[in-house]
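For the sequence shown, the residue numbers in the numbering used here are 28 to 420.
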Amino acid sequence: MNNKMPISVWILVIAMALNTTAASFLWPFNTLYINGYLGESMTLAGIALLVNSALAIAGNYIGGTLFDRIGGKRTLILSVGLLLASSLGFLLFHATFLGYLGWLGLIGFSGGLVFPTVYAFAGSIWPEGGRRSFNAIYVAQNVGVALGTAMSGQIARIDIEWIFYANFFLSVLFVVVLLFGLRYLKDPARPVVQSQLEAAATTLSGATMKSMWFVAIGYAALWFVYVQWQGTIAVHSKDLGVTISQYSLLWTVNGALIVFAQPLLNRALRYFEDDLKKQLVVGAVIFLAAFVIVPFAGGFTMFMVAMVVMTIGEMFIWPAVPTIAAKLAPPGKAGQFQGLVNIAASVGRMIGPTLSGLAFDLLGMNAVFGLLLVLILTALFFFMKIRTLNVQT
Numbered sequence: 028m029n030n031k032m033p034i035s036v037w038i039l040v041i042a043m044a045l046n047t048t049a050a051s052f053l054w055p056f057n058t059l060y061i062n063g064y065l066g067e068s069m070t071l072a073g074i075a076l077l078v079n080s081a082l083a084i085a086g087n088y089i090g091g092t093l094f095d096r097i098g099g100k101r102t103l104i105l106s107v108g109l110l111l112a113s114s115l116g117f118l119l120f121h122a123t124f125l126g127y128l129g130w131l132g133l134i135g136f137s138g139g140l141v142f143p144t145v146y147a148f149a150g151s152i153w154p155e156g157g158r159r160s161f162n163a164i165y166v167a168q169n170v171g172v173a174l175g176t177a178m179s180g181q182i183a184r185i186d187i188e189w190i191f192y193a194n195f196f197l198s199v200l201f202v203v204v205l206l207f208g209l210r211y212l213k214d215p216a217r218p219v220v221q222s223q224l225e226a227a228a229t230t231l232s233g234a235t236m237k238s239m240w241f242v243a244i245g246y247a248a249l250w251f252v253y254v255q256w257q258g259t260i261a262v263h264s265k266d267l268g269v270t271i272s273q274y275s276l277l278w279t280v281n282g283a284l285i286v287f288a289q290p291l292l293n294r295a296l297r298y299f300e301d302d303l304k305k306q307l308v309v310g311a312v313i314f315l316a317a318f319v320i321v322p323f324a325g326g327f328t329m330f331m332v333a334m335v336v337m338t339i340g341e342m343f344i345w346p347a348v349p350t351i352a353a354k355l356a357p358p359g360k361a362g363q364f365q366g367l368v369n370i371a372a373s374v375g376r377m378i379g380p381t382l383s384g385l386a387f388d389l390l391g392m393n394a395v396f397g398l399l400l401v402l403i404l405t406a407l408f409f410f411m412k413i414r415t416l417n418v419q420t
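Right, dumping it as structure tokens:
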């Protein structure tokens, strides 16, 4: 087996790092800009983020379906072209709420198209790499988040309008890298016609589909929990005296740990013999440990401990999910299976802030903690019901 990651996967990794860096110039400031610069209510700001997430879900489904029907290269060209156009439109027409809402929604949709396409490509062009290609993309995205949020904060201090230029510039680089790399990217097969899709559907066993749904449900539940660090837990920590700079340090540690702890993670996964089911279950247990700590955190130090523990759980689960989707997908379904797990993540990100915020307002933070523990246990339950999966390293 060739252990060297091929150049085609490296292209996807570099491109996704640029894509995530570009997105990270925007997401920390969306609410601030709509409320503070456009003068709109927090309710409208929430609606804008909801539209962005909802259209990302639609993009995940359509992108995965197009990958299977018209091929990866065509889908990728369509996706990145629309994303670049959306970034340009956002740069030019964000000065009104309707303009901001419309172009932010299109960015969500086009970004949704990109993700299942890239993940389906990663799984199909280097299947013998197992989880390694997905793990490399996962690490690259976290590098992008760390760089984007760090640079965007400094740029916004000078002039917040510059973040839109930075987003567009990095989107251009993202497109250039992918277009340059098209010659290295090969579709796994010729575009699948309807008869082939129907044949694949008939051979798709009930056990396989159940396992895929169990993964998706657990993944959505954990994303619901994860986004609380940007919502209710952020508010709770502030009430306990954690400063904004201390809170931002939590995310710096999160990103640094993901990047620099990879050698330790690889050793741990070899110890588990690369059993993906076991990887998900252990990751969910570690998640549970983190959110047992959080309710008792009285200051910055314990929040940092909880963040480190949760990050370790995240490192077990996040790269394993697209690996499982690639492993379970029958011929002609790779895009749809990657679309499904990306939809699951988007659903968790979309409903998490709304439902937890409602629980926080009506019942208080203890009720939120109870809800989060129930969701982690739900994810653990569904992960344990997955059939055993092994993958090459």
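For every residue, glycine included, the Cβ atom is placed at its ideal position computed from N, Cα and C.
What is the DSSP secondary structure of Asp302, counted as helix, strand or coil? Along the sequence shown, read from residue 1 onward, the residue named residue 302 stands at position 275. Here Asp302 sits in strand by DSSP.
Using three-state DSSP, classify Leu53 as helix, strand or coil. Counting from 1 along the sequence shown, the entry for residue 53 is found at position 26. Of the three classes helix, strand and coil, the one that applies to Leu53 here is coil, per DSSP.
Pro154, enclosing alpha helix (DSSP H) - first and last residue: If you number the sequence shown from 1, residue 154 lands on position 127. Pro154 -> no alpha helix (DSSP H), and no H or E assigned at all.
Could you check how far apart the C-beta atoms of Phe56 and Ala261 are, in whole angstroms? I think they sit under 8 Å. Here the question's residue 56 lines up with position 29 in the sequence shown. Here the question's residue 261 lines up with position 234 in the sequence shown. Phe56 to Ala261, Cβ: 15 Å. No contact.
Is it true that the CB of Ser35 sits closer than 8 Å to the CB of Gly208? Counting from 1 along the sequence shown, the entry for residue 208 is found at position 181. Counting from 1 along the sequence shown, the entry for residue 35 is found at position 8. Yes; because the gap between Cβ atoms is below 8 Å, this pair is in contact.
I'd like the list of long-range same chain contacts for Ala163, defined as Cβ closer than 7 Å, with 5 residues on each side in sequence excluded. Stepping through the sequence shown from its first residue, residue 163 is reached at position 136. The answer, listed in chain order, is Met32, Val36 and Val40.
Identify whether Gly189 lies in helix, strand or coil by the three-state DSSP scheme. Within the sequence shown, numbered from 1, the residue matching residue 189 stands at position 162. Sequence check: residue 189 is Trp here, not Gly. Trp189: helix per DSSP, three-state reduction.
Helix, strand or coil for Lys7, going by three-state DSSP, please let me know. With the chain running from 28 to 420 in the structure shown, residue 7 is simply not present.
Using the beta-carbon count (16 or more within 10 Å), is Leu382 buried or exposed? For this step, residue 382 is matched to residue 355 along the sequence shown. An exposed status is given to Leu382, since fewer than 16 other beta-carbon atoms sit within 10 Å of its beta-carbon.
Have a look at Ile344, Ala177 and Phe387 and flag the residue whose alpha-carbon is nearest the alpha-carbon of Gln255. By one-based count along the sequence shown, residue 255 stands at place 228. Nearest option by C-alpha distance: Phe387.
Check whether the Cβ atoms of Val252 and Phe314 lie closer than 8 Å to each other. Working through the sequence shown from its first residue, we reach residue 252 at position 225. Working through the sequence shown from its first residue, we reach residue 314 at position 287. Against a cut-off of 8 Å, the Cβ pair of Phe314 and Val252 comes out as a contact.
Measuring CB to CB, does Thr338 end up less than 8 Å from Ile285? Here residue 338 refers to the residue found at position 311 when the sequence shown is read from its first residue. Here residue 285 refers to the residue found at position 258 when the sequence shown is read from its first residue. The criterion of a C-beta distance shorter than 8 Å is satisfied by Thr338 and Ile285.
Hey, which unbroken runs of the beta strand (DSSP E) at 3 residues or more fall wholly within the region 229-281? With a minimum length of 3 residues, no continuous beta strand (DSSP E) run stays inside the region 229-281.
Would you kindly work out how many angstroms separate the C-alpha atoms of Ser114 and Ser51, rounded to a whole number? Along the sequence shown, one-based indexing puts residue 114 at 87. Along the sequence shown, one-based indexing puts residue 51 at 24. One C-alpha to the other measures close to 13 Å.
Grouping DSSP H, G and I as helix and E and B as strand, with all else coil, what is Ala356? Position 329 of the sequence shown, counted from the first residue, corresponds to residue 356. Here Ala356 sits in coil by DSSP.
Pull up the distance between the alpha-carbon of Gly384 and that of Gly258, whole angstroms please. As a working mapping, residue 384 is identified with position 357 in the sequence shown. As a working mapping, residue 258 is identified with position 231 in the sequence shown. Taking the straight line joining both Cα atoms gives about 8 Å.
Alpha carbon of Ala421 to alpha carbon of Arg159, nearest angstrom: The requested residue 421 does not occur in the structure, where the chain is confined to residues 28 to 420.
Can you look up Gly208 in the DSSP assignment and give me helix, strand or coil? Position 181 of the sequence shown holds residue 208. If DSSP states are grouped into helix, strand and coil, Gly208 belongs with the helices.
Are the region 197-212 and the region 78-88 touching, with three or more C-beta to C-beta distances below 8 Å? no
Taking just the CA atoms, how far does Ile38 sit from Gly108? What you label residue 108 is simply residue 81 of the sequence shown in a count that begins at 1. What you label residue 38 is simply residue 11 of the sequence shown in a count that begins at 1. Rounded to the nearest angstrom, the two C-alpha atoms are 17 Å apart.
Would you call the CB atoms of Val199 and Leu119 closer than 8 Å? Indexing the sequence shown from 1 puts residue 199 at position 172. Indexing the sequence shown from 1 puts residue 119 at position 92. Contact flag unset, no.
Can you tell me whether Lys265 is buried or exposed? The criterion is at least 16 other CB atoms within 10 Å of its CB, across all chains shown. The sequence position of residue 265 within the sequence shown is 238, counting from 1. It counts as exposed.
Would you report the Cα separation of Gly73 and Thr58, rounded to the nearest angstrom? To locate residue 73, count along the sequence shown from 1; it is residue 46. To locate residue 58, count along the sequence shown from 1; it is residue 31. Cα to Cα, the separation comes out at about 7 Å.
Is it true that the region 361-370 meets the region 137-144, where meeting means three or more beta-carbon pairs spaced less than 8 Å apart? yes
As a quick exercise: from Gly245, Lys305, Pro349 and Ile134, pick the residue whose alpha carbon is nearest that of Asn194. Position 167 of the sequence shown, counted from the first residue, corresponds to residue 194. Minimum Cα distance to Asn194 is reached at Ile134.
Under a Cβ-count criterion, where at least 16 other Cβ atoms within 10 Å of its own Cβ denotes burial, should Phe287 be classed as buried or exposed? On the sequence shown, residue 287 is found 260 positions in, with the first residue counted as 1. It counts as exposed.
Looking at C-beta atoms only, is the number of pairs between the region 303-311 and the region 338-352 that lie closer than 8 Å three or more? yes
Taking all protein chains shown into account, decide if Tyr60 is buried (16 or more other Cβ within 10 angstroms of its Cβ) or exposed. Residue mapping note: residue 60 aligns to position 33 of the sequence shown, counting from 1. Buried, since its Cβ has 16 or more Cβ neighbours within 10 Å.
Alpha helix (DSSP H) runs wholly inside the region 371-411, at least 4 long, in chain order: 392-411
Rounded straight-line distance, which links the Cα of Leu307 to that of Pro346: In the sequence shown, the residue the question calls residue 346 occupies position 319. In the sequence shown, the residue the question calls residue 307 occupies position 280. In a straight line, the C-alpha of Pro346 is about 10 Å away from that of Leu307.
Suppose you measure from the CA of Leu212 to the CA of Ile413; what does that come to, to the nearest Å? Numbered from its first residue, the sequence shown carries residue 212 at position 185. Numbered from its first residue, the sequence shown carries residue 413 at position 386. Near 32 Å, if we compare the C-alpha coordinates of Ile413 and Leu212.
Taking the CB atoms as reference points, tell me whether Met239 and Leu355 lie closer together than 8 Å. Counted from its first residue, the sequence shown places residue 239 at position 212. Counted from its first residue, the sequence shown places residue 355 at position 328. The beta carbons of Met239 and Leu355 sit closer together than 8 Å.
Would you call the CB atoms of Ala317 and Ala333 closer than 8 Å? Taking the sequence shown and counting its residues from 1, the one referred to as residue 317 is at position 290. Taking the sequence shown and counting its residues from 1, the one referred to as residue 333 is at position 306. Taking 8 Å as the Cβ cut-off, Ala317 and Ala333 qualify as a contacting pair.
Integer Cβ distance of Gly245 from Phe410, believed to fall under 8 Å: Within the sequence shown, numbered from 1, the residue matching residue 245 stands at position 218. Within the sequence shown, numbered from 1, the residue matching residue 410 stands at position 383. The beta carbons of Gly245 and Phe410 sit about 5 Å from each other, so the pair counts as a contact at 8 Å.
Take Thr328 as the anchor and find which of Gln273, Asp214 and Tyr192 has the nearest alpha-carbon. Indexing the sequence shown from 1 puts residue 328 at position 301. Taking only the C-alpha atoms, the option nearest Thr328 is Gln273.
Trp130 - DSSP class collapsed to helix/strand/coil: Residue numbering aside, residue 130 sits at position 103 when the sequence shown is read from its first letter. Helix, per DSSP.
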